[in-house]
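Same order as they appear, the protein sequences are chains A and B. Residue 214 in UniProt numbering sits at position 214 of the first sequence, and the numbers go up by one each step. Residue 232 in UniProt numbering sits at position 232 of the second sequence, and the numbers go up by one each step. For each residue, glycine too, the CB sits at the ideal point set by N, CA and C.
2 protein chains.
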Amino acid sequence: MINAKGYAAHSKTDALQPWEFERREVGADDVLIDILYCGICHSDIHQVRSEWGPAIYPIVPGHEIVGRITAVGANVSKFKVGELAGIGCMVNSCQHCDSCDHGQEQFCDNKQTVWTYNSRDKDGSVTYGGYSNKIVCDQHFVLHVSDKLDLKGVAPLLCAGITTYSPLRKWKVGKGHKVGVLGLGGLGHMAVKFAVSFGAEVTMLSTSPSKEADAKRLGAHKFVLTKDPEQVKSLDRYFDFIIDTVSAPHDYNRYLQMLKTDGVQICVGLPPEPLSIAGNSLMRGNRVLTASSIGGIPETQEMLDYCAEHNITSDIELIDIKDVNTAYERVLKSDVKYRFVIDLATL
Amino acid sequence: MINAKGYAAHSKTDALQPWEFERREVGADDVLIDILYCGICHSDIHQVRSEWGPAIYPIVPGHEIVGRITAVGANVSKFKVGELAGIGCMVNSCQHCDSCDHGQEQFCDNKQTVWTYNSRDKDGSVTYGGYSNKIVCDQHFVLHVSDKLDLKGVAPLLCAGITTYSPLRKWKVGKGHKVGVLGLGGLGHMAVKFAVSFGAEVTMLSTSPSKEADAKRLGAHKFVLTKDPEQVKSLDRYFDFIIDTVSAPHDYNRYLQMLKTDGVQICVGLPPEPLSIAGNSLMRGNRVLTASSIGGIPETQEMLDYCAEHNITSDIELIDIKDVNTAYERVLKSDVKYRFVIDLATL
């Protein structure tokens, strides 16, 4: 077994603290990665605190992982020792169903998607995430990472990046489209960068006037204060797409009404409470409401390659791992621009 | 002015009764149609009874109209006297906005869509519908009707037909797709006919075992009783599309769960109450919820031409106009296969 160090929570009320544990040996299809950086996703906090159902403790969170490969198994052809690599939200799946065959491992038909942490692998072992110095993973779920980009800013691409890239690609967002991005956080700031890069006119929709300068710096063409009824009114039937990154309850009908005929509201954050949707919000203009969850492995690779080619990374604040609990408190106050990334050299 | 006869309600509690009124003169862009048949749409009942807001009384309902042209204005090039013609839900719009220019007059950007009855035309006059012997209409909103089809069964195509045809075309439903049709009524039976004609595998989803034989006769390949949990369970992630024709409140999440990854639920009927949608119903499988309202004039013509080519009409029960009030009571009990059509020769 491989000795690993990390930070773990041991119950839903515990702070994260140093923990030593074992990773499995490097199997024939596995790679071993020395983790360099790991992003902090809001979902880490939900899971550490058992807010999405009971967690498997001890829990080592983290699914925005970049590092360097230090060993490969006998069957590994995809990677060589010394290469940079990334791991996102998944580390396994059945690998032979229709969804897996079509690169949608997150929707494995056999319900065998194995999440990077707080999940059970196919052998029954518990998965541990990226707040750690090492990780062993089946090569299929490991991504190539370019050395052209600042690695620290690459880590959040593995979740926040693919989560926004995937629906923008599915719906073919690009030149000539007007896109509204609702909420400027980890997901929102990536949605702005991608939509701008794809050629769309991008409007940041925010409740906070203080975000205007940053939205513009990230590339947004317009900024609309959603607390101002006049500004909101000017957006009646304005957008082709809205990327809704807000996971707190909010009025979906208000934003659906900003869509043109055939417009699409894509939720990448969702509250636990059911959405209340007026039939007319959809019927008037044949509008579309959808949601999108991460993206499959081939598309994640496509996204990383696109980012390398277009010099796109996440805006981050680098922290030492001892500050992870403070970082959590700041995430909950939306006090981060726009993703905390842990420097695992500090472990 | 042109003297017309029809059936009208004079208050929201009145039965429909004979009424004589005037239509406008045939203007330069108008055609005059002698109405032969008019379908009864459930929305006629809602409007006659002021269930969708206060109606403009007297109200002459009817927006599934076929007849023969008996006069044309000086500018009319699209029609000749003696030709068959149809009118659906709209009789006017601004005719120069982006939506109108793109054949989506039902979503006129200037909010000048004029409905066939219970609406005000651009000159302020009230519109009266097809429970009448004559109608005058701008040629742009008049459709060519083939003499190859049984005219009685063509009338409901002008609303029930286009309402189901349009979203099936928008979403490119065809060979290789699995389509569920929820509810077997006026809309549902047309959805089955079109989806089958487009090459999809069609499953009728119904609460009533008595509908199985008819669903199969209409072309449905499968029938699933939605009251049977075992049968419902077999549909987990089964469909590419669901056409939801039910306007009574029901559990949308149950049907969303029947959709594959990227599957689409298209509502062509909607309850007045807001829909309660669990975020996960959309997020799992990146599913899509949408609604669709009738269709524009060019697409309505395309649908009529398609029906003429493929011998598609609505299944109807022909009634005398004196029986319209009885027909309304039967519509409310879903006791019609599948559309009442009024023979205006009986007026």
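C-alpha distance - residue 423/B paired with Ile277/B, whole-angstrom precision: Outside the modelled stretch of chain B, which goes from 1 to 347, sits residue 423/B, for which no answer is possible.
Residue interval of the alpha helix (DSSP H) (run including Leu168/B): The residue you call residue 168/B lines up with position 168 of the second sequence. Segment 160-170, the alpha helix (DSSP H) holding Leu168/B.
Residues in the region 279-291 of chain A having any Cβ partner in chain B nearer than 9 Å: Answer set for the region 279-291 of chain A: Gly279, Asn280, Ser281, Leu282, Met283, Arg284, Gly285, Asn286, Arg287, Val288, Leu289, Thr290, Ala291.
Beta strand (DSSP E) segment containing Phe198/A, residue limits: Here residue 198/A refers to the residue found at position 198 when the first sequence is read from its first residue. For Phe198/A, there is no enclosing beta strand (DSSP E), as DSSP marks it with neither H nor E.
Neighbouring residues, chain A, relative to Cys267/B (Cβ below 8 Å): Locating residue 267/B in the second sequence gives position 267, where the first residue counts as 1. Those are Gly279, Leu282, Met283, listed as they occur along chain A.
Straight-line gap, Asp121/A to Val114/A (C-alpha atoms, nearest Å): For the purposes of this step, residue 121/A is identified with residue 121 of the first sequence, where counting begins at 1. For the purposes of this step, residue 114/A is identified with residue 114 of the first sequence, where counting begins at 1. Their backbone Cα atoms lie some 6 Å apart in a straight line.
Rounded C-alpha distance that separates Gln265/A from Asp320/B: In the first sequence, counting from the first residue as 1, residue 265/A sits at position 265. In the second sequence, counting from the first residue as 1, residue 320/B sits at position 320. Cα-Cα distance, rounded: 47 Å.
Interface partners of Leu270/A on chain B, CB under 8 Å: Numbered from its first residue, the first sequence carries residue 270/A at position 270. Correct list: Gly279, Asn280, Leu282, Met283.
Within chain B, the residues that Ser146/A reaches when beta carbons sit closer than 7 Å: One-based indexing of the first sequence puts residue 146/A at position 146. Going along chain B, no residue has its Cβ under 7 Å from Ser146/A, so there is no contact; the nearest lies around 27 Å.
Cβ neighbour criterion (16 or more within 10 Å) applied to Ala85/B: Within the second sequence, residue 85/B is the residue found at index 85, counting from 1. By the 16-neighbour rule on beta-carbons within 10 angstroms, Ala85/B is buried.
Where Ile45/B falls: helix, strand or coil (DSSP): Residue numbering aside, residue 45/B sits at position 45 when the second sequence is read from its first letter. Three-state result, Ile45/B: helix.
C-beta contact flag for Cys108/B and Ser99/B at 7 Å: Position 108 of the second sequence, counting from 1, holds the residue named residue 108/B. Position 99 of the second sequence, counting from 1, holds the residue named residue 99/B. The answer is yes: Cβ separation under 7 Å.
Bridge partners - Asp138/B, DSSP secondary structure assignment: Working through the second sequence from its first residue, we reach residue 138/B at position 138. Bridge partners of Asp138/B: Asp30/B.
Alpha-carbon spacing of residue 361/A relative to Ala200/A, whole angstroms: The question about residue 361/A has no answer here: the residues shown for chain A are numbered 1 through 347.
Pick from Ser146/A, Trp171/A, Pro274/A that is closest to Tyr252/B, judged by C-alpha positions: Reading the second sequence from its first residue, position 252 is the one you call residue 252/B. The shortest C-alpha to C-alpha distance from Tyr252/B to any of Ser146/A, Trp171/A, Pro274/A is the one to Pro274/A.
Candidates Ser281/B, Ile135/B, Glu317/B, Thr226/B: closest to Val31/B by CA position: Working through the second sequence from its first residue, we reach residue 31/B at position 31. Ranking Ser281/B, Ile135/B, Glu317/B, Thr226/B by Cα distance to Val31/B puts Ile135/B first.
Beta-bridge pairing of Cys89/B - partner residues as DSSP gives them: Here residue 89/B corresponds to residue number 89 of the second sequence, with the count starting at 1. Answer is none; Cys89/B lacks a bridge partner.
Environment of Gly53/A [buried if 16+ CB atoms lie within 10 Å]: On the first sequence, residue 53/A is found 53 positions in, with the first residue counted as 1. Result: exposed.
Neighbour-count burial assignment, residue 364/B, 16 or more Cβ in a 10 Å radius: Given a span of 1 to 347 for chain B in the structure shown, any question on residue 364/B remains unanswerable.
Any chain B beta carbon closer than 7 Å to Thr113/A: Here residue 113/A refers to the residue found at position 113 of the first sequence. Judged by the 7 Å Cβ criterion, Thr113/A is not in contact with chain B.
CA nearest to the CA of Gln17/A, picked from Val26/A, Leu36/A, Val48/A: For the purposes of this step, residue 17/A is taken as the residue at position 17 of the first sequence. Nearest Cα to Gln17/A within the set Val26/A, Leu36/A, Val48/A: Val48/A.
Rounded straight-line distance, which links the Cα of Gly285/B to that of Thr226/B: Reading the second sequence from its first residue, position 226 is the one you call residue 226/B. Reading the second sequence from its first residue, position 285 is the one you call residue 285/B. The straight-line gap from Cα to Cα measures roughly 22 Å.
Inter-stretch contact (C-beta, 8 Å, three-pair minimum) for the region 237-256 of chain A and the region 171-186 of chain A: Judged by Cβ distances under 8 Å, the region 237-256 of chain A makes contact with the region 171-186 of chain A, as three or more pairs qualify.
CA nearest to the CA of Val142/A, picked from Ala74/A, Ile69/A, Ser50/A, Ser125/A: As a working note, residue 142/A is residue 142 in the first sequence. Put simply, of Ala74/A, Ile69/A, Ser50/A, Ser125/A the residue whose alpha carbon is nearest the alpha carbon of Val142/A is Ile69/A.
Range of the contiguous beta strand (DSSP E) that encloses Pro272/B: Start at 1 with the first residue of the second sequence, and residue 272/B comes out as number 272. From DSSP, Pro272/B is part of no beta strand (DSSP E); its letter is neither H nor E.
Gly176/A, buried or exposed, once every other Cβ within 10 Å from all chains shown has been counted against 16: If you number the first sequence from 1, residue 176/A lands on position 176. Burial state of Gly176/A is exposed, judged by a 10 Å Cβ sphere holding fewer than 16 other Cβ atoms.
Three-state secondary structure assigned by DSSP to Cys38/B: Here the question's residue 38/B lines up with position 38 in the second sequence. Under the three-state reduction of DSSP, Cys38/B is assigned to strand.
Beta-carbon proximity list for Arg169/A, same chain, < 6 Å, skipping 5 on both sides: As a position in the first sequence, residue 169/A is number 169, starting the count at 1. Excluding residues within five positions, none has a Cβ falling inside 6 Å.
Proximity winner among Asp343/B, Val224/B, Glu105/B, relative to Met258/B (alpha-carbon distances): Walking along the second sequence from the start, residue 258/B turns up at place 258. Ranking Asp343/B, Val224/B, Glu105/B by Cα distance to Met258/B puts Val224/B first.
Bridge-paired residues (DSSP) for Asn3/B: Against the second sequence, residue 3/B aligns to sequence position 3. Asn3/B is bridged to Glu22/B.
C-beta neighbour in chain B for Gln104/A, strict 7 Å: Position 104 of the first sequence, counting from 1, holds the residue named residue 104/A. With 7 Å as the cut-off, Gln104/A counts as an interface residue toward chain B.
Span separating the alpha-carbon of Gly296/B from that of Arg254/A: Reading the second sequence from its first residue, position 296 is the one you call residue 296/B. Reading the first sequence from its first residue, position 254 is the one you call residue 254/A. Answer to the nearest angstrom: the Cα atoms are 25 Å apart.
Three or more C-beta pairs below 8 Å linking the region 12-27 of chain B and the region 54-61 of chain B: Yes, the region 12-27 of chain B touches the region 54-61 of chain B.
Segment limits, beta strand (DSSP E) that includes Thr70/A: Residue mapping note: residue 70/A aligns to position 70 of the first sequence, counting from 1. Looking at the DSSP string, the run of the beta strand (DSSP E) that includes Thr70/A is 65-72.
Within-7 Å CB hit, Ser119/B to chain A: The residue you call residue 119/B lines up with position 119 of the second sequence. Chain A, which has no Cβ nearer than 7 Å to the Cβ of Ser119/B, makes this no.
Neighbour-count burial assignment, His96/B, 16 or more Cβ in a 10 Å radius: In the second sequence, counting from the first residue as 1, residue 96/B sits at position 96. By the 16-neighbour rule on beta-carbons within 10 angstroms, His96/B is exposed.
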